[in-house]
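Working notes for the structure below.
Protein chains: 2
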Amino acid sequence: MLIKHLAVNKLASASIISLFVLAGAAARDSARAAGVEEDSPRYTTSGELQVPAQYREWVFLSSGVDMSYKQAAVPGHSTFDNVFVNRGSYRSFLQSGMWPDRTMFMLEIRAVAAAPASINKNGQTQSERVVAREMHVKDARLDGGWGFYAVADSGMGIPIKRPAECYECHEAHAAVDTTFVQFYPTLLPVAKARGTLSPGYLKDEKVAQTPK
Amino acid sequence: MLIKHLAVNKLASASIISLFVLAGAAARDSARAAGVEEDSPRYTTSGELQVPAQYREWVFLSSGVDMSYKQAAVPGHSTFDNVFVNRGSYRSFLQSGMWPDRTMFMLEIRAVAAAPASINKNGQTQSERVVAREMHVKDARLDGGWGFYAVADSGMGIPIKRPAECYECHEAHAAVDTTFVQFYPTLLPVAKARGTLSPGYLKDEKVAQTPK
């Protein structure tokens, strides 16, 4: 999923992730009161991203559990990855199979609830504890046209500078325009129909389907 | 999660669930083209619910994996339960900790993708296959103020008549107003703060915390 190198390669990036925790409720309440639509990225003069407070009202793309792009499972924790995209961009993708400029994704990594949670006796549910949040933004003003940000507890997105594993992996393997549309079940059929799948993704799929 | 008796007690309700599959894309495209906001339930004269075509653009509440309110795990399948609520009602709940009249929930039961999915090597991701969809609607015009509906492939919600296990379980154990807010991590803190948790839920929590 997006910025997955951070979520997945947790052993290597533990030192980075530990710096970034859930933004305070105060910032959210403030933005909500202001009625900001939050459908376009906003930056500080130093290049930090103003994290949209109401991203939970964006369009949900998918959720995965304990995903890893490395072969081995990561021991000692269990998390859900919830991915959201701003509404205007979602609707645009449904029409074109492509992301418009100023598209924003939020990856919310949320801890699995302790079991049993309420009357649930099996499987896994999501807890109130957000482990980390990370953003991916398409913006022609950014180097390479896309930027990754780690969400700090200040509520700001701290830019992840190139070169970094997130950029390399997304550019090589993501299904559409450096985004992991292969994990977004309502969008993959659109990309297939519109012919917007990336050469890297199509090559990966061909290799996966070749008998060994 | 909502209407969970259907999702969970799958052995007993397999005969019901097998009747209901994903609505066609044609109905969705038609409603989208019409630009319908879909923030209030609409019924046919015979009491069927017109299933909102754009529920994936509603607010995501949470996702669980292989949840069960029975003790035993259900063998032979693995699914995600995605729950969505209409936007206006979500915003109202954030303010009051209660659901306004005409609130609509969608439970989308989606199959786990075959592994490995694309470059993901661990955990579980969601596939394009929707196993079943079910709705829960608050409407003062309905018997008891709430109704459950099974989504048929016609795109209509077929009412589940009382008495039924879904009504009984939600009324006895759901955290707020017959809805399983205990599984919706952005809403449970609101209900706690507003004092809108149900007596049944508070009793369950007290029992769960009593040393055995």
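Top to bottom, those sequences are chains A and B. Oh and the first sequence: position 33 is 496 in the numbering used here, straight run, nothing missing. Oh and the second sequence: position 152 is 615 in the numbering used here, straight run, nothing missing. Even glycine gets a Cβ: it sits at the ideal position worked out from N, Cα and C. Here the structure is a predicted model, which is why all the values come from computation and not from measurement.
So who's on the other strand from residue i, going by DSSP bridges?
i	result
F646 of chain B	DSSP, once it has assigned bridges, lists no residue as partnering F646 of chain B.
M569 of chain B	B:F547, B:M598
V593 of chain B	B:R573
T542 of chain B	B:A574
G527 of chain B	B:D544
Y506 of chain B	B:L512
V522 of chain B	B:V548
Can you give the Cα-Cα distance for residue i and residue j, rounded to whole angstroms?
i	j	result
G620 of chain A	V548 of chain B	28 Å
M530 of chain A	A671 of chain A	18 Å
D602 of chain A	P622 of chain A	13 Å
Y553 of chain B	F643 of chain B	14 Å
G618 of chain A	A578 of chain B	35 Å
K655 of chain A	E571 of chain A	26 Å
S581 of chain A	Q645 of chain B	7 Å
E628 of chain B	K584 of chain A	17 Å
H599 of chain A	G551 of chain B	27 Å
F523 of chain B	S526 of chain A	10 Å
G586 of chain A	G586 of chain B	13 Å
T641 of chain B	S661 of chain A	45 Å
K624 of chain A	G610 of chain B	51 Å
P504 of chain A	P515 of chain A	8 Å
D544 of chain B	V575 of chain B	10 Å
L651 of chain A	T673 of chain A	21 Å
K669 of chain B	H636 of chain B	12 Å
E631 of chain B	T542 of chain A	31 Å
V528 of chain A	Y664 of chain A	22 Å
Q513 of chain A	T507 of chain A	7 Å
H633 of chain A	V546 of chain B	28 Å
D667 of chain B	T659 of chain B	15 Å
Have a look at the options and flag the residue whose alpha-carbon is nearest the alpha-carbon of residue i.
i	options	result
P648 of chain A	B:S559, B:Q589, B:A654, B:V594	B:Q589
S509 of chain A	A:V639, A:L605, A:H540, A:K669	A:L605
H540 of chain A	A:V600, A:P662, A:V594, A:Y612	A:V594
G592 of chain A	A:G610, A:N583, A:R573	According to the sequence provided, residue 592 of chain A is Arg. The question's Gly does not apply to it. Nearest of A:G610, A:N583, A:R573 to R592 of chain A, Cα basis: A:R573.
Q517 of chain A	A:S526, A:E511, A:D502	A:D502
E511 of chain B	B:F556, B:Y612, B:R625	B:Y612
A615 of chain B	B:R657, B:R625, B:R505, B:R596	B:R596
R519 of chain B	B:Y664, B:T507, B:M569	B:M569
R657 of chain A	A:L665, A:Q558, A:A635	A:Q558
T566 of chain B	B:W521, B:A637, B:Y664	B:W521
M561 of chain B	B:P626, B:Y506, B:A638, B:D667	B:A638
V653 of chain B	B:Y506, B:T542, B:F556, B:T507	B:F556
D564 of chain B	B:G607, B:V546, B:V528	B:G607
Give the secondary structure of residue i by DSSP, where H, G and I count as helix, E and B as strand, and everything else as coil.
i	result
V653 of chain B	helix
L665 of chain B	helix
L512 of chain B	strand
Q587 of chain B	strand
V484 of chain B	Confidence at V484 of chain B is low in this model, with a pLDDT of 30, below 50, so its placement is unreliable and the value that follows should be read with caution. If DSSP states are grouped into helix, strand and coil, V484 of chain B belongs with coil.
A494 of chain A	Low local confidence applies: a pLDDT of 44 at A494 of chain A is under 50, so the model's placement there is unreliable, and no value is given.
L660 of chain A	coil
R554 of chain B	helix
A580 of chain A	coil
Y603 of chain A	The question names Tyr, but residue 603 of chain A in the sequence shown is Ala. Coil, per DSSP.
Q517 of chain A	coil
Using a cut-off of 7 Å between C-beta atoms, extract the partners of residue i located in chain D.
i	result
L570 of chain B	Protein chains A and B are contained in the structure displayed, whereas chain D is not.
Which runs of the beta strand (DSSP E) at least 3 residues long sit entirely within the segment 606-639 of chain B? Give them in chain order.
609-614, 619-623
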